[in-house]
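**Q** The structure that follows is given in the form of structure tokens.
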Amino acid sequence: MAGKNDLDSSKKSKAPPKMGFSDLAKREERLALRLLLPALLIILLIAFYPLAQVFYTSFTDRVFASGEETNFIGFDNYRRLLSVHVTELEPVLDETTGQQLTDPDSGEKVFERPLDILPREPVRYRELNQFNLFGKRYVIGATDTNFIESVQNTLTFTVISVFIELVLGLVIALVVNSKFRFRGSMRAAMLVPWAVITVVSARMWEWMLAPSRIGMFNALFDRLGIIESPIAFLASGGYQLSALIAVDVWKTTPFMALLILAGLQIMPEDIFEAAEIDGAGKIRQFFMITLPLLKPAIAVALIFRTLDALRVFDIFQVMLGQSTYSMASYNYFQLIGNRNMGLASAIGVIIFILIFVFAVSYIRMLGVDEE
Amino acid sequence: MKKGAGIFNLIKRIAFNLMIIFILVYLLFPFYWAVNSSLKTESQLFMTPATAVPRDPVTLEFSPTFQNYTTVLQDGQFLRGLANSTIVATSTTVLALVAGSFAAFALGKLRFRGRKPALYLILAMTMFPQVTVLTGLYAVITALGLSARISMIFSYMIFTLPFTTWVLTAFFKELPDALMESAQVDGATPFQTFRRILLPLTAPALVTTGLLAFIAAWNEYLFALTFTSIDPAARTVPVAIAYFTGAVARQEPFGEIMAAATLVTVPLVVLVLIFQRRIVAGLTAGAVKG
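Respectively, the protein sequence lines represent chains Y and E.
First residue of the first sequence: 3, per this note's numbering; consecutive thereafter.
First residue of the second sequence: 466, per this note's numbering; consecutive thereafter.
Given below as structure tokens:
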């Protein structure tokens with residue numbers, strides 16, 4: 003709000019002589035509303051009802067595609083999704099010696115079984131994870147471990163893939179922005195990964211990552227002698243997330259690169275000429291001029307990439323099926339598989355809130371909405 | 466001294482070219498693999514180890530097949546899908562660019578109350594996963610009685626409009642205010658300023674945004690699948706491909722899917738190559754000399 007006053011005074015100075023200040027401000031305001039009208043109408047027409055419905059349904063037990071009566075159940079869906087319980091696991095003692103028992107097979111110390119001590123009421127808690135702190139063993143339980151895991155998966159996926167995409171996208175954009183002969187073709191080639199239909203691209207990668215030598219990667223690694231036996235990249239465990247991150251980075255780096263490239267292209271060249279004359283080196287120019295001027299382009303690219311990554315659905319659904327969920331693919335499973343529309347809507351709202359937090363922090367950090 | 470600089474430049478050029486080759490291989494290799502797979506028969510696809518070009522399983526001679534392509538092209542669904550996708554993605558892009566650039570002009574260059582709420586409202590529209598809004602959207606579309614193609618165009622606004630608006634707002638804001646002021650002094654109406662100054666100066670951003678939005682609409686699957694369920698004639702390419710059935714029952718026609726992917730991607734990229742210069746040139750034509 004502080005900006006408003008000096009804004010107004012600056013407006014006064016640019017107003018044509020005969021026009022009063024408030025007159026001009028009003029005209030500008032009216033023009034702005036007229037310009038925003040189409041976008042706002044579209045939002046009202048197409049987005050308002052579905053979004054309002056999601057919020058409302060998230061507080062009910064509505065069943066998808068059925069005539070069953072819907073009840074208002076307050077925060078129950080949210081409670082079921084988000085309830086987490088941490089509790090200490092007592093060591094199991096040998097009755098005669100009073101020492102903690104060790105497992106004869108693995109040699110590990112024995113603790114209580116998490117299932118015995120995690121709460122069962124009102125909903126049963128399942129084990130999510132165990133950890134050690136100050137020599138004590140704790141267990142984390144959750145009422146919906148699948149959902150909590152899907153949040154962890156999605157966040158890990160988002161942070162790593164968006165970061166790699168930003169770095170790669172920046173490098174590619176800088177390379178393509180320098181003048182060379184095949185620059186136009188290069189820019190078109192850059193579109194290829196983004197242009198391959200997402201669902202098809204997921205199938206393509208699934209094929210390339212096949213767990214035997216019919217897959218490109220296993221055939222290649224085998225030829226190079228890197229691996230002893232084929233790797234099951236997409237099987238539960240180790241490589242799943244890394245494989246999906248690699249696929250996503252390939253597919254969407256062009257998005258990042260093209261937006262950054264557009265930012266580079268509208269930069270006025272005389273700034274660089276001036277810097278050249280001032281004797282600033284290339285690296286100095288990059289950090290002092292290019293990067294700050296690129297900030298708005300990078301910011302919007304980051305916002306939309308992060309938003310997309312947090313909603314990631316296609317590649318999890320196609321490549322991992324039901325073995326590992328992202329938030330959105332768990333959402334899909336609850337809606338279509340379990341027909342639990344109330345719960346699915348609550349997942350949607352949680353995703354919305356998470357995305358909102360990310361978006362606002364980017365906007366604040368990068369100063370996008372500053373005047 | 467001079468000779469040293471020459472060698473240094475040579476190394477720099479080689480390094481630069483290596484970099485370009487590396488980037489190209491990284492971006493294009495998976496697509497090459499799709500093309501490669503599209504030229505293989507069922508039995509060639511399942512050869513171990515996988516071959517980098519289609520080879521005869523016995524003699525290992527180079528032997529591509531075009532069977533997948535003929536099958537795909539004879540499939541009426543696929544060609545109709547191409548037409549549908551073109552109509553839907555083009556309309557989506559035009560609508561998102563027009564509404565988005567108007568809104569972005571207001572949000573990026575005009576002063577008015579409610580600017581920030583409007584920005585956030587537009588972004589909030591795209592913060593839900595598609596699955597979540599699907600049922601509500603379906604209800605809206607049924608209530609309004611929209612056809613499948615029109616429903617797709619409007620529902621794609623959910624992810625394209627916030628994108629075009631935000632990107633263009635960011636780019637418009639970067640342009641110096643002095644440009645607009647001098648146009649105003651010259652007696653230009655705000656709309657003329659927008660058309661003659663803002664649009665040409667941000668032409669590369671406009672084209673890029675349009676392209677990215679076009680492809681996002683082109684690739685969309687879930688909405689298209691839902692809204693065309695009652696009108697199969699309106700199916701877009703991704704849905705048509707999903708409905709491919711193999712010659713052998715229950716076996717997925719992987720070669721055909723890859724052939725379809727190739728047939729869809731290559732023309733798209735060639736069109737981009739042809740058009741990008743023209744669009745930029747066309748937009749820049751009316752620009753004022755800074």
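All C-beta atoms, glycine included, are put in the ideal place defined by N, C-alpha and C.
Keep in mind it's a predicted model, so treat the numbers as computed, not measured.
1. Would you please verify whether the beta carbon of Val-753(E) is less than 8 Å from any beta carbon of chain Y?
2. Which ranges does the beta strand (DSSP E) cover as unbroken runs of at least 3 residues, wholly within the region 214 to 281 of chain Y, from first to last along the chain?
3. Against chain Y, does Ile-623(E) count as a neighbour if the rule is that its beta carbon must be under 8 Å from one of theirs?
4. Would a check of beta-carbon distances place Ala-708(E) closer than 8 Å to chain Y?
5. Quick one: using the 10 Å Cβ neighbour count with 16 as the cut-off for buried, is Val-178(Y) buried or exposed?
6. Note down, in chain order, every chain E residue with its Cβ under 8 Å from the Cβ of Thr-200(Y).
7. Whose C-alpha, out of Lys-181(Y), Trp-207(Y), Val-86(Y), is nearest the C-alpha of Phe-494(E)?
8. When the Cβ atoms of the region 647 to 662 of chain E are set against those of the region 279 to 299 of chain Y, are three or more pairs found closer than 8 Å?
9. Report whether the distance from the Cβ of Leu-135(Y) to the nearest heavy atom of the ligand ADP is below 7 Å.
10. Scan the region 277 to 362 of chain Y and note each continuous alpha helix (DSSP H) run of 4 residues or more that stays entirely inside, going in chain order.
11. Val-141(Y) and Leu-120(Y): beta carbons closer than 8 Å?
12. How is the beta strand (DSSP E) around Lys-181(Y) delimited, first residue to last?
13. Name the one or two DSSP bridge partners that Phe-619(E) has.
14. In whole angstroms, what is the alpha-carbon distance linking Pro-665(E) and Leu-544(E)?
15. Anything in chain Y within Cβ reach of Met-512(E), meaning under 8 Å, just list it in chain order.
16. For the region 54 to 66 of chain Y and the region 337 to 354 of chain Y, state whether three or more C-beta atom pairs, one from each stretch, are separated by less than 8 Å.
17. When you check each C-beta in the region 631 to 653 of chain E against every C-beta of chain Y, which residues fall closer than 7 Å?
18. On the DSSP bridge assignment, give the partners of Ala-144(Y) in chain order.
19. Inspect the beta-carbon positions of Pro-256(Y) and Leu-193(Y) and report whether they are closer than 8 Å.
20. I'd like to know if Leu-9(Y) contacts chain E, where contact means its C-beta is closer than 8 Å to some C-beta of that chain.
21. Using the Cα positions of Gln-509(E) and Pro-522(E), report the straight-line distance between them to the nearest angstrom.
22. Does any CB atom of chain Y fall closer than 8 Å to the CB of Ile-615(E)?
23. Let's test the definition: count the other Cβ atoms within 10 Å of the Cβ of Met-723(E) and tell me whether it reaches 16, buried, or not, exposed.
24. Within its chain, find whatever has a CB closer than 6 Å to the CB of Asp-118(Y); leave out the 5 residues flanking it on each side and keep chain order.
25. Per DSSP, Leu-95(Y) is paired with what?
26. Taking the C-alpha atoms as reference points, what is the distance between Pro-40(Y) and Glu-151(Y)?
27. Quick check on the burial criterion: 16 or more other C-beta atoms within 10 angstroms. Buried or exposed for Phe-136(Y)?
28. Mark Arg-215(Y) as exposed unless 16 or more other C-beta atoms lie within 10 angstroms of its C-beta, in which case mark it buried.
29. Check Lys-638(E) in the structure and name its three-state DSSP category.
30. Who are the neighbours of Pro-655(E) on chain Y, taking C-beta pairs under 7 Å?
31. Less than 8 Å between the C-beta atoms of Thr-558(E) and Ala-682(E), yes or no?
32. How big is the Cα-Cα spacing for Ile-268(Y) and Leu-633(E)?
33. Checking 8 Å against the spacing of the C-beta atoms, do Leu-572(E) and Ala-583(E) come in under that value?
34. Please give the ranges of any beta strand (DSSP E) in the region 466 to 533 of chain E, keeping only runs that are unbroken, at least 3 residues long and fully inside the region.
35. Between the alpha carbons of Leu-261(Y) and Asn-134(Y), how many angstroms are there, rounded?
36. Which one of Glu-129(Y), Phe-165(Y), Lys-284(Y), Thr-254(Y) has the shortest CA to CA distance from Asn-2(Y)?
**A** Walking through what the data contain:
1. The predicted model places Val-753(E) with a pLDDT of 43, which falls under 50 and marks its position as unreliable; any figure quoted below should be read in that light. Closer than 8 Å: no.
2. none
3. yes
4. Note on residue identity: the sequence assigns Tyr, not Ala, to residue 708(E). Chain Y, which has no Cβ nearer than 8 Å to the Cβ of Tyr-708(E), makes this no.
5. buried
6. Asn-684, Tyr-686, Pro-703
7. Trp-207(Y)
8. no
9. Inclusion of the ligand ADP in the displayed structure is not the case, the ligand content being empty and no account of it being possible.
10. 284 to 287, 293 to 312, 329 to 334
11. yes
12. From DSSP, Lys-181(Y) is part of no beta strand (DSSP E); its letter is neither H nor E.
13. Answer is none; Phe-619(E) lacks a bridge partner.
14. 36 Å
15. Ile-216
16. yes
17. Trp-631, Val-632, Ala-635, Phe-636, Lys-638, Glu-639, Glu-646
18. Val-86(Y), Arg-128(Y)
19. yes
20. With a pLDDT of 42 at Leu-9(Y), under the threshold of 50, the modelled position of this residue cannot be trusted; read the value that follows with caution. So yes, Leu-9(Y) belongs to the interface.
21. 6 Å
22. no
23. buried
24. none
25. Gln-102(Y)
26. 40 Å
27. exposed
28. buried
29. helix
30. Leu-33
31. yes
32. 12 Å
33. yes
34. none
35. 45 Å
36. Nothing can be reported for residue 2(Y): it is not among the residues displayed for chain Y, which extend from 3 to 373.
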